[in-house]
Amino acid sequence: MSSETSSVIRVTRHFEASPERVFDAWLDPQKIAVWLVGPAKAIAGIQDEVLHIEVDARVGGRFSFLVRRNGTEIDHAGEYLEFDPPRRLVFTWGIAKFSGEPSKVSVELIPAGTGTLLTLTATGVAPDYQARTEQGWTTILGAIAASL
24 MSSETSSVIR VTRHFEASPE RVFDAWLDPQ KIAVWLVGPA KAIAGIQDEV
74 LHIEVDARVG GRFSFLVRRN GTEIDHAGEY LEFDPPRRLV FTWGIAKFSG
124 EPSKVSVELI PAGTGTLLTL TATGVAPDYQ ARTEQGWTTI LGAIAASL
């Protein structure tokens, strides 16, 4: 996508957990299963059923988080581009059934007191999906925080 046809989303959240625990929550299939369908998503009105989670946590590795939502299978999939535990994780993120080119997501983790300040930046987001994408990442970060 060219810069004229894509947007940047930035969401920041403080976690009452160490950078190591927050970083691990993005890569551990058991932890992903909790936040992917957790209570914070239910509060947002999203009822997902996890069908399978695959994680190959390395640069060039891929992930797939397949869920069923309202009878429709949705596969959140991507590839890990940068891997610097527990400071930085960069990956592509897309849902082939609902979007074209995947976006690029950077997760930056900075120690903040006894917790962690996380900044998530998504680039390559189509302008008509900007508000929905920002809300989606805000919900996911809330679900991760609740799971920790």
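Taking this note's numbering, the leading residue of the sequence shown gets 24, the next gets one more, and so forth. A virtual CB, placed ideally from N, CA and C, is assigned to each residue, including glycine.
Delimiting residues of the alpha helix (DSSP H) encompassing residue i
i, result
"Leu59", "Pro52 to Leu59"
"Leu164", "Gln153 to Ser170"
Backbone secondary structure at residue i - three-state DSSP
i, result
"Glu124", "coil"
"Pro134", "strand"
"Ala63", "Residue confidence is low: Ala63 scores 49 on pLDDT, short of 50, so the model does not pin down where it sits. No coordinate-derived value is stated."
"Arg110", "coil"
"Val82", "coil"
"Ala48", "helix"
Residue i Cβ short of 6 Å to the ligand ZN heavy atom set
i, result
"Leu141", "The model on display carries no ligand, and the ligand ZN is accordingly not part of it."
Residue span of the beta strand (DSSP E) that contains residue i, given as start and end
i, result
"Glu102", "Thr95 to Asp107"
"Ile32", "Ser30 to Phe38"
Within 7 Å, strictly: CB atoms of residue i and residue j
i, j, result
"Thr142", "Lys127", "no"
"Phe38", "Thr144", "no"
*Taking 8 Å as the threshold, find out whether the region 28-42 comes into contact with the region 92-102 through three or more Cβ pairs.*
Judged by Cβ distances under 8 Å, the region 28-42 makes no contact with the region 92-102, as fewer than three pairs qualify.
*Please determine if the region 42-52 and the region 76-88 are in contact, where contact requires at least 3 C-beta pairs separated by less than 8 Å.*
With the rule of 3 Cβ pairs closer than 8 Å, the region 42-52 counts as touching the region 76-88.
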